[in-house]
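I have placed the structure first, in the form of structure tokens, so that the comments after it can refer back to it.
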Amino acid sequence: MALPLPVKQQETREASCALDIIVAGAGIGGLGAAVSCLLAGHNVHVLEAAPEIREVGAGIQILPNGSRILKHWGMEERLSKHWQVSESFEINGYKGNKISSLSLAESASQYPGTWYRTFYRPHLQMPLLERVRELGGKVSTNAKVMNVSVNPDNAGATVITGTGEVLTCELFIGADGIFGDIPDMLLDSPTPASKTGDLAYRVLLSTADLLKDPELAPFVTKPQVNFWLGPEKHVVTYNIGKDHFNVVLLVPDDIPESSSANTVKGNVEEMCALFKDWDPRLGKLLALCKEVQKWRLCTRLNTRTWSHPSGAAVMIGDCVHATLPYMAVGAGLAIEDGAVLGECLARLPNNPRISKSSNSFLKAKRHALAVFEKCRIERVRIAIMRSHRQRYLNHLPDGPEQEQRDRDMQSTPTPEGEALVWRDPGTAPTLFGWNHILEVESNWDLSPTTAETSGLVLSGARLFWVYFVGAIGQYLRFLASVVNRGGRPLPLAALERQVGVEGRKDKKRL
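In the working numbering, the protein residues as written are 565 to 1074.
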């Protein structure tokens, strides 16, 4: 059982060993990395492409693995002003029949010092921004990174922004999102975002409107995370703060293949028609919707490396490991990235007689990034594969397999691989019980030779497996885009089952 982490105090570093760090992107991942690096005693400048960091967005869920880190960063008090506490996770069939439930307080008690919470996205992003500034970080808006290059001495990087400003740093952290350009600037073989065959309708409703209807009012007065599972589709709802109710509807992607846009205006009537035979309460919820956006769901995973071999640059978050939202772990994984990176950088030499431009310090920095990758790449790869498995389970058509899925969720104890992933005995303990400090500690003593020659430090067998799975994943994504079933893309998880990747018993767990 993972123990609670104490609140981390900001370290003091010698000026000769304090890195000047640039973080590109002021999303959850970028700001989290900035907080973690500042706590490690380094200097951080965050660059955000947008003209201003505004309070826009929808709902976001933070699970025990993410909450453990946010508390460690000293964020709990300021976040508590904004979060919503949900009592349980309720799973229903699409007709409204209850399948299973999970007490979130009881689940969190298995991981001491953690919690499940839902947020309006800006109410997580803005407190992180405040924490960056409180710790002495600098934040610049209207500062899109147009180019980043490693300096000839390999000791740092040079950044050119959209305004023509030239900045230098000793470590560049790219966190510019799933459709970001930074991996293309720094990696020899970046992996582009891939369509999954699904899209999301994202709806924000007023809780005041729900309270007017006796059938909908309990969604507000008794906060829960609610799921409805049905053929090719599922729905998630939860409260975010006092005023908003978040509804996400996951359906087959019908944005024209020729369209380069991944977010388009949706048609409310078309959306409602997709769920006309579902739980009548959903029909009432959707009737409150005035307008809606459609978001094409894509994934992105670099399995080889996330850093430049010089040690002058590294990437985190969705620009190297975007996942489907079907486990609600995307934000938590990005937060984990920042926590591990900061912990690795905290272990760099801190001695007034050592210069950060010396060969020994640069070697230590490369080692730190190699440990970071070893701690992260395999874990997020497995999470992404499990999210594709979740897609398959959530969208089963009526029939024997769907009936078995429901029985599995109702059995005691539930079997490994069950659809309620937050309780799955094969996933939940390693997902939620993970401790970034212990992870770094257990991987810190890498072979210096290996760390010098490879950004991703793995044994030969494990390295082969990572490359193999990466190749299989790219092949499956290609097949998923061309193989159709009744005019719909064949679910990726179904393809994984066909080739024997999904559900392998010998796969590493999270």
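For every residue, glycine included, the Cβ atom is placed at its ideal position computed from N, Cα and C.
Query raised in the report: Comparing alpha-carbon positions, which option in Arg681, Glu612, Ala764, Ile617 lies nearest Ser644?
Result: Among Arg681, Glu612, Ala764, Ile617, the Cα nearest to that of Ser644 is on Arg681.
Report task. Give the single residue among Ala597, Tyr658, His931, Glu578 whose Cα lies nearest to the Cα of Asp970. Result -> Tyr658
Requested in this report: Flag this pair as yes or no: are the beta carbons of Gln954 and Tyr890 separated by less than 8 angstroms?
Outcome: yes
Requested in this report: Using the Cα positions of Asn914 and Lys572, report the straight-line distance between them to the nearest angstrom.
Outcome: 18 angstroms
Query raised in the report: Is there at least one Cβ from chain D nearer than 8 angstroms to Ser921's Cβ?
Result: Given the protein chain composition of this structure (a single chain), no chain D is represented.
Query raised in the report: If you draw a straight line from the C-alpha of Gly744 to the C-alpha of Leu926, how long is it?
Result: Gly744 and Leu926 have their C-alpha atoms some 27 angstroms from each other.
Query raised in the report: Cα separation between Ser1045 and Ile742?
Result: Model confidence at Ser1045 stands at a pLDDT of 36, short of 50, so the residue's coordinates are unreliable; what they give is reported in the following sentence. Cα to Cα, the separation comes out at about 18 angstroms.
Report task. With Pro844 as the anchor, note down where its alpha helix (DSSP H) starts and where it stops. Result -> 844-851
Query raised in the report: Pick from Tyr765, Ala928, Met879: whose alpha carbon is nearest that of Leu838?
Result: Out of Tyr765, Ala928, Met879, the CA that lies nearest to the CA of Leu838 is found in Tyr765.
Query raised in the report: From the DSSP output, which residues share a beta bridge with Arg864?
Result: Answer by DSSP bridge pairing, in chain order: Ala886.
**Report entry** Residue nearest to Tyr730 in terms of C-alpha spacing, selected from Arg868, Pro916, Ser713
**Finding:** A small fix is needed here, since residue 730 is Val in this sequence, not Tyr. Checking every option, the nearest Cα to that of Val730 belongs to Ser713.
Query - DSSP-derived helix/strand/coil call for Pro816 - result: strand
**Report entry** Pair within 8 angstroms by beta-carbon distance, Val1004 and Cys908
**Finding:** yes
Query raised in the report: Nearest-angstrom Cα distance between Lys858 and Asn706?
Result: 26 angstroms
Requested in this report: Use the C-beta contact count for Pro570: other C-beta atoms within 10 angstroms, 16 or more gives buried, fewer gives exposed.
Outcome: exposed
Query - Reduced DSSP secondary structure (H/G/I, E/B, other) of Ser951 - result: helix
Report task. Report yes if the CB atom of His540 is closer than 8 angstroms to the CB atom of Ala579, and no otherwise. Result -> For the chain, the structure presents residues 565 to 1074; residue 540 sits outside this window and is missing.
Query raised in the report: DSSP three-state call for Thr1017: helix, strand or coil?
Result: Interpretation of Thr1017 is limited by its pLDDT of 42, a score under 50 that renders its predicted location unreliable; no figure is taken from the coordinates.
Query raised in the report: For Leu692, which three-state DSSP category applies?
Result: Here Leu692 sits in helix by DSSP.
Query raised in the report: Hey, how far is the Cα of Arg868 from the Cα of Gly875?
Result: Whole-angstrom Cα-Cα distance: 15 angstroms.
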